[in-house]
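Numbering (the numbering used here), first residue to last: 21 to 108.
The beta carbon of each residue, even a glycine, is placed where N, CA and C say it ideally should be.
Because the structure is a prediction, the values reported are computed rather than measured.
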């Protein structure tokens with residue numbers, strides 16, 4: 021459940037590809053604020069392991085993944101989140 025603390029501002033949701041997954045899930049946890057390997061919840065309830073950062077000069081393996089979890093998409097739309105795609 022999203023709590024609108026500021027009423028006029030929208031809460032952020034980040035679309036990430038967790039370690040070992042082939043689908044993007046949405047989370048309210050800012051991925052750069054948690055350590056690699058940490059498990060964070062997705063809007064659909066799935067547990068996502070935060071991937072390792074990609075070395076400088078390389079493209080993240082998750083970059084071409086565009087498919088999104090249907091349940092996360094529904095929750096994000098209903099919650100009117102500000103959406104950002106995040107790759108490591």
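Item to check | Exposure label - residue 95; buried when at least 16 CB within 10 Å | outcome: buried
Item to check | From 63, 51, 66, 103, residue whose alpha carbon lies closest to that of residue 73 | outcome: 51
Item to check | For residue 93, three-class secondary structure by DSSP | outcome: helix
Item to check | Assumed close pair residue 103, residue 35 - CB separation to whole angstroms, cut-off 8 Å | outcome: 6 Å
Checklist entry - Since residue 63 and residue 86 are thought to touch, with beta carbons under 8 Å apart, how far apart are those beta carbons, to the nearest angstrom? => result Wrong, their Cβ atoms sit about 18 Å apart, outside the cutoff.
Item to check | Beta-carbon separation (whole angstroms), residue 71 vs residue 56, contact threshold 8 Å | outcome: 6 Å
Item to check | Outcome for residue 44 when other beta-carbon atoms lying within 10 angstroms are tallied against a minimum of 16 | outcome: buried
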